[in-house]
Amino acid sequence: MTLLVGSAALDQSLLIYYLKEATRVIAVDGGLNHLETVGSKADIILGDFDSYHGKLPLDAKIFPKEKNFSDMEAALALIEKEEAVILGATGGRLDHFLSVLSLIRKRENIQLIDGQNRIFYRQGEFTLKKEEGYFSLFPQQPTLISIEGAKYNLNGAPVSSDNGLLLSNQWAGDVNIRVESGWVLVVLSRDK
Numbered sequence: 056m057t058l059l060v061g062s063a064a065l066d067q068s069l070l071i072y073y074l075k076e077a078t079r080v081i082a083v084d085g086g087l088n089h090l091e092t093v094g095s096k097a098d099i100i101l102g103d104f105d106s107y108h109g110k111l112p113l114d115a116k117i118f119p120k121e122k123n124f125s126d127m128e129a130a131l132a133l134i135e136k137e138e139a140v141i142l143g144a145t146g147g148r149l150d151h152f153l154s155v156l157s158l159i160r161k162r163e164n165i166q167l168i169d170g171q172n173r174i175f176y177r178q179g180e181f182t183l184k185k186e187e188g189y190f191s192l193f194p195q196q197p198t199l200i201s202i203e204g205a206k207y208n209l210n211g212a213p214v215s216s217d218n219g220l221l222l223s224n225q226w227a228g229d230v231n232i233r234v235e236s237g238w239v240l241v242v243l244s245r246d247k
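Printed below as a string of structure tokens:
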């Protein structure tokens with residue numbers, strides 16, 4: 056698993072956990088601050104470093120501050136089919152967070168994780184393993200969705216992104232989901 060560490064606020068215990076699981080670590084701009092705080096290093100360091108506060112290593116890939124791509128976009132270009140987790144993407148600027156959501160669309164191998172949420176895209180049929188909290192689905196286009204194993208099940212229900220029908224569903228067990236067409240954004244969340 057590749058771990059990408061962004062600049063936004065993150066839970067250090069979560070960072071330490073995923074550092075143990077990672078086979079490759081990419082520090083994206085100010086994500087290097089987080090790695091240094093826990094005494095860890097990155098395999099790849101990149102960004103325009105407008106969010107980094109220390110002395111840059113010689114092997115850092117430095118981009119100009121004015122460019123037509125984001126630092127996270129450059130990091131995600133290094134991810135092919137391997138599983139990847141992004142930390143430090145959800146607690147900061149909303150425009151950056153929405154950009155990351157757009158960048159990982161149609162990439163089932165990438166998850167955004169913070170202390171309360173796990174966010175990823177899926178299509179077709181898939182199973183969510185029961186865990187603490189809630190799950191929400193956000194269809195990217197009007198579609199039909201079936202849900203089995205939840206408190207609120209659906210059977211081929213027409214859904215779109217403009218209602219709350221798929222918000223904060225609860226687990227009865229493992230949940231089987233079928234999306235007739237297109238992609239859904241899946242958010243697994245729990246209260247603090």
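Residues in the sequence shown are numbered consecutively from 56, following our numbering.
Glycine included, each C-beta is placed from N, C-alpha and C at the ideal position.
Limits of the beta strand (DSSP E) - the one that D229 falls within: Counting from 1 along the sequence shown, the entry for residue 229 is found at position 174. That run of the beta strand (DSSP E) goes N224 to S244.
Extent of the continuous beta strand (DSSP E) run through T182: Taking the sequence shown and counting its residues from 1, the one referred to as residue 182 is at position 127. N172 to L183 is the span of the beta strand (DSSP E), which, as asked, contains T182.
Proximal residues to I168 (C-beta, below 8 Å), its chain only, five neighbours per side dropped: By one-based count along the sequence shown, residue 168 stands at place 113. Within the same chain, I168 has close Cβ partners L69, Y73, V140, I141, L142 and I174.
Pairwise C-alpha distance: T198 and N218: Start at 1 with the first residue of the sequence shown, and residue 218 comes out as number 163. Start at 1 with the first residue of the sequence shown, and residue 198 comes out as number 143. Roughly 13 Å separates the two Cα atoms.
Distance between V60 and L87 (C-alpha atoms, nearest Å): Here residue 87 corresponds to residue number 32 of the sequence shown, with the count starting at 1. Here residue 60 corresponds to residue number 5 of the sequence shown, with the count starting at 1. Each residue's alpha carbon lies about 7 Å from the other.
Continuous alpha helix (DSSP H) stretch holding S154: start and end: The residue you call residue 154 lines up with position 99 of the sequence shown. Its alpha helix (DSSP H) spans residues L149 to I159.
The region 150 to 161 contacting the region 183 to 193, beta-carbon criterion three pairs below 8 Å: no
Simplified DSSP assignment, three categories, for S201: As a first step, residue 201 is located in the sequence shown; it is residue number 146 there, counting from the start. Residue state, collapsed to three classes: strand.
Spatially closest choice to D246 from G170, S236, S106 and S125, by CA coordinates: As a first step, residue 246 must be located in the sequence shown, where it is residue number 191. With distances taken between Cα atoms, D246 lies closest to G170.
Spatially closest choice to L222 from D229, E235 and N208, by CA coordinates: Along the sequence shown, read from residue 1 onward, the residue named residue 222 stands at position 167. It is N208.
D105 versus D84 - alpha carbon distance: Taking the sequence shown and counting its residues from 1, the one referred to as residue 105 is at position 50. Taking the sequence shown and counting its residues from 1, the one referred to as residue 84 is at position 29. Between D105 and D84, the C-alpha separation is close to 7 Å.
Residue interval of the beta strand (DSSP E) (run including S191): Locating residue 191 in the sequence shown gives position 136, where the first residue counts as 1. Here the beta strand (DSSP E) through S191 covers Y189 to P194.
Beta-carbon contacts of E76 that lie in its chain and below 7 Å, excluding the five residues immediately before and after: Working through the sequence shown from its first residue, we reach residue 76 at position 21. For E76, where only same-chain residues beyond five positions count, the Cβ hits under 7 Å are M56.
DSSP state of I168 mapped onto helix, strand, coil: By 1-based counting over the sequence shown, the position of residue 168 is 113. Strand, per DSSP.
Sufficient close CB pairs (3 or more, under 8 Å) joining the region 226 to 236 to the region 177 to 185: Contact between the region 226 to 236 and the region 177 to 185 is present, because at least three Cβ pairs lie under 8 Å.
Residues near K184 in its chain [Cβ-Cβ closer than 7 Å; skip 5 each side]: As a position in the sequence shown, residue 184 is number 129, starting the count at 1. In its chain, beyond the 5 residues on either side, D229 have a beta carbon closer than 7 Å to the beta carbon of K184.
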